[in-house]
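Step one of this worksheet: look at the structure below.
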């Protein structure tokens, strides 16, 4: 069947479509129906079924005779370690750790906060929670103690599982002092913690509370899988809220299993037994969905990579990992390729590696500018597919369904809506706008399986954040347009659409123009306050390695490019070459932070920032452009 036929089959019978997909999952008790309407625009999928995530990720594959297949390839250039773990080995490790948790009193529904880096023990801890029906909440390793404390107080975990440290290029980040500080700050105190001691930086243990990873498991009986209801939360994952308070996205077990399994072939075009690599972190949604759960549920080998695209040791890292492990589909963020391109613009380092096994590259996590896509296509000779989704959805809203039908790529568009998502572009009053017109991107309810049914402990905030603005729709918070062929174009976050003298303009469109400059490696455009025009765009650009031309020349060329391609209406005059941009650890540019600096408002340094010292650099850079203006 073609994509159009499959999408139409979903649209004509959504519940039948997903009930068919649910047959590919092993249930202890099959659901009686697909969709449950709880009222007030709250929906749940497969609610009365009974199922276990760990069973579907591990046990069923071992029982089917695939125990010797490699489940996880651990590749850690920061420690010089490579290790393969089979499904049978991962099952044994997981069952044993789950038994130790259960012996210590962890029961179905209890929360467990996991604060660990990219090591196999993190995967074991996540799957062990799933095995006994505990609800894990993974917090990105190295998050500040205060931010971890906020999440402890919201999730109220029975237990915490941590590693003593994380390892970054050129430095070690001690986690244990941060963990101790967070527990001290939090009002809620976990019953116990389990600490995996890494030899690079062992942590100091607290008597009576902390257990060593190995000692904790001694003599524990391996735990069997505990079936849970389809609407039982598999995990809570905190995402940044606009108010500064994190939002605990709930992922329901039944829908998560069905959706994860479906996407591996339909979107990423891998068959069971093949190697899949998502170069992200288990602390983010990509790591949950596509490092841990989806590949294992679908019986793919997943690459667990502890390193960076550059600096571990150089810009050849991606090519080495793809070559050595015969990766079939590769998923990363556009910023990772921009970093590689900046260090090795002609991809000279690719010549030493064979990436012929690779079928395709997938980009997500932020808007993929055409220049980055074209560079990756040109140097690899592989198709590059942008796709768009969110922490809240857990999987693709719009993408190219390559495993069904590879649709023509329109560079700059993540392609089309996936089955389960009916996308509409709305104006501020909630009315549909014509094709090619910029508006708010909304998805008609109900959302498909695997997406969030609510926020943890915050149902009112869930309604206000996502459902109240456009009744009957999920508000994505992104702005964009739909073309006449049904292709979606993501232009910016809704609050990144700026108003210049009454004209609504996309900062993303301007970034696209700047990224097309041959000397620009990456860039950001933000709106800054202006007394006359309301807002003005400010552009900050980082140069490709080896460019030695005067910065003033490049800045003038960038201004001219925007004027020529967007038009004088953009009033684009503020442009500065900078060494680096403030980013999160996952590589997203902190545009709101830049705008706050330029406007002279209070800057709350985000907990997710990779290097806080960049804030002072950014103050100097925007000051050189005359901002913030003196009132």
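In the UniProt record's numbering, the protein residues as written are 1 to 631. In this text, a Cβ means the ideal position worked out from N, Cα and C, and glycines have one as well.
Terminal residues of the alpha helix (DSSP H) in which residue i lies
{"i": "residue 9", "result": "3-12"}
{"i": "residue 576", "result": "Per DSSP, residue 576 belongs to no alpha helix (DSSP H); it is in the beta strand (DSSP E), 574-577."}
{"i": "residue 656", "result": "The question about residue 656 has no answer, for the chain in this structure spans 1 to 631."}
{"i": "residue 305", "result": "Careful: residue 305 lies outside any alpha helix (DSSP H), inside the beta strand (DSSP E) at 301-305."}
{"i": "residue 295", "result": "294-297"}
{"i": "residue 37", "result": "No alpha helix (DSSP H) contains residue 37, which is instead part of the beta strand (DSSP E) from 35-39."}
{"i": "residue 99", "result": "87-103"}
{"i": "residue 711", "result": "No information on residue 711 is available, as it lies outside the stretch 1 to 631 that the chain covers here."}
{"i": "residue 122", "result": "120-132"}
{"i": "residue 615", "result": "614-624"}
Closer than 7 angstroms: residue i CB and nearest the ligand NAD heavy atom
{"i": "residue 391", "result": "Absent from the structure shown: the ligand NAD. Ligands present: none."}
Backbone CA spacing between residue i and residue j [nearest angstrom]
{"i": "residue 488", "j": "residue 322", "result": "30 angstroms"}
{"i": "residue 629", "j": "residue 184", "result": "42 angstroms"}
{"i": "residue 290", "j": "residue 94", "result": "19 angstroms"}
{"i": "residue 309", "j": "residue 81", "result": "17 angstroms"}
{"i": "residue 15", "j": "residue 449", "result": "10 angstroms"}
{"i": "residue 474", "j": "residue 219", "result": "49 angstroms"}
{"i": "residue 105", "j": "residue 523", "result": "50 angstroms"}
{"i": "residue 620", "j": "residue 226", "result": "56 angstroms"}
{"i": "residue 635", "j": "residue 293", "result": "The chain is shown only over 1 to 631; residue 635 falls outside these bounds and no answer can be derived."}
{"i": "residue 224", "j": "residue 297", "result": "18 angstroms"}
{"i": "residue 635", "j": "residue 182", "result": "Outside the displayed span of the chain (1 to 631) sits residue 635, for which this structure offers no information."}
{"i": "residue 279", "j": "residue 333", "result": "8 angstroms"}
{"i": "residue 149", "j": "residue 203", "result": "19 angstroms"}
{"i": "residue 371", "j": "residue 22", "result": "39 angstroms"}
{"i": "residue 587", "j": "residue 311", "result": "15 angstroms"}
{"i": "residue 121", "j": "residue 114", "result": "10 angstroms"}
{"i": "residue 248", "j": "residue 608", "result": "16 angstroms"}
{"i": "residue 556", "j": "residue 270", "result": "46 angstroms"}
{"i": "residue 425", "j": "residue 472", "result": "13 angstroms"}
{"i": "residue 313", "j": "residue 102", "result": "41 angstroms"}
{"i": "residue 250", "j": "residue 456", "result": "6 angstroms"}
{"i": "residue 464", "j": "residue 458", "result": "10 angstroms"}
{"i": "residue 536", "j": "residue 512", "result": "17 angstroms"}
Extent of the continuous beta strand (DSSP E) to which residue i belongs
{"i": "residue 480", "result": "473-482"}
{"i": "residue 329", "result": "329-332"}
{"i": "residue 160", "result": "159-163"}
{"i": "residue 152", "result": "It is not in any beta strand (DSSP E) - residue 152 instead sits in the alpha helix (DSSP H) that spans 145-155."}
{"i": "residue 136", "result": "135-138"}
{"i": "residue 413", "result": "Counting along the chain, residue 413 falls outside any beta strand (DSSP E), and DSSP gives it neither H nor E."}
{"i": "residue 461", "result": "Residue 461 -> not in any beta strand (DSSP E); alpha helix (DSSP H) instead, spanning 459-462."}
{"i": "residue 68", "result": "That residue, residue 68, is in no beta strand (DSSP E); it is neither H nor E in DSSP."}
{"i": "residue 236", "result": "233-239"}
{"i": "residue 442", "result": "439-444"}
{"i": "residue 111", "result": "111-115"}
Cβ separation of residue i and residue j, assumed to be a contact under 8 angstroms, to the nearest whole Å
{"i": "residue 382", "j": "residue 364", "result": "Rounded, the Cβ-Cβ distance is 16 angstroms, inconsistent with contact."}
{"i": "residue 49", "j": "residue 27", "result": "5 angstroms"}
{"i": "residue 167", "j": "residue 62", "result": "With a Cβ gap of about 31 angstroms, residue 167 and residue 62 do not count as contacting."}
{"i": "residue 634", "j": "residue 533", "result": "A question about residue 634 goes unanswered here, because the residues of the chain that appear run from 1 up to 631."}
{"i": "residue 562", "j": "residue 625", "result": "At roughly 15 angstroms, the Cβ-Cβ gap does not stay under 8 angstroms, so residue 562 and residue 625 are not in contact."}
{"i": "residue 266", "j": "residue 177", "result": "With a Cβ gap of about 44 angstroms, residue 266 and residue 177 do not count as contacting."}
{"i": "residue 158", "j": "residue 137", "result": "With a Cβ gap of about 11 angstroms, residue 158 and residue 137 do not count as contacting."}
{"i": "residue 72", "j": "residue 302", "result": "6 angstroms"}
{"i": "residue 328", "j": "residue 276", "result": "7 angstroms"}
{"i": "residue 373", "j": "residue 386", "result": "7 angstroms"}
{"i": "residue 193", "j": "residue 160", "result": "4 angstroms"}
Status (buried if at least 16 other CB within 10 Å, exposed otherwise) for residue i
{"i": "residue 38", "result": "exposed"}
{"i": "residue 634", "result": "Because the chain spans 1 through 631 in this model, residue 634 falls outside it and cannot be assessed."}
{"i": "residue 75", "result": "buried"}
{"i": "residue 605", "result": "exposed"}
{"i": "residue 173", "result": "exposed"}
{"i": "residue 484", "result": "exposed"}
{"i": "residue 446", "result": "buried"}
{"i": "residue 348", "result": "exposed"}
{"i": "residue 519", "result": "buried"}
{"i": "residue 688", "result": "Residue coverage of the chain in this structure runs from 1 to 631, which leaves residue 688 outside it and unanswerable."}
{"i": "residue 506", "result": "buried"}
{"i": "residue 646", "result": "Residue 646 cannot be examined here, being either before or after the span of the chain that is shown, 1 to 631."}
{"i": "residue 631", "result": "At residue 631 the pLDDT is 45, less than 50, meaning the model places this residue with poor confidence; the figure from the coordinates comes in the next sentence. The residue is exposed, with fewer than 16 neighbouring Cβ atoms inside 10 Å."}
{"i": "residue 569", "result": "exposed"}
{"i": "residue 107", "result": "exposed"}
>> Quick check on the DSSP output: what are the complete alpha helix (DSSP H) runs of length 4 or more inside the stretch 243-292, in order along the chain?
In response: If we require 4 residues or more, the alpha helix (DSSP H) runs fully inside the stretch 243-292 come out as 253-266.
> Which ranges does the alpha helix (DSSP H) cover as unbroken runs of at least 4 residues, wholly within the stretch 552-595, from first to last along the chain?
Replying inline: If we require 4 residues or more, the stretch 552-595 turns out to have no alpha helix (DSSP H) run fully inside it.
> Unbroken beta strand (DSSP E) runs of length 3 or more, entirely within the stretch 484-551: which are they?
Replying inline: Counting whole runs of 3 or more residues, the stretch 484-551 contains the beta strand (DSSP E) stretches 488-493, 497-500, 503-506, 520-530, 534-543.
> Can you give, in chain order, each stretch of the alpha helix (DSSP H) that sits fully within the stretch 183-228 and has at least 4 residues?
Replying inline: Taking only runs of at least 4 residues, the alpha helix (DSSP H) segments lying wholly in the stretch 183-228 are 213-217.
> Which runs of the alpha helix (DSSP H) fall wholly inside the stretch 345-400 and span at least 4 residues, in chain order?
Replying inline: If you keep only unbroken alpha helix (DSSP H) runs of at least 4 residues inside the stretch 345-400, you get 370-380.
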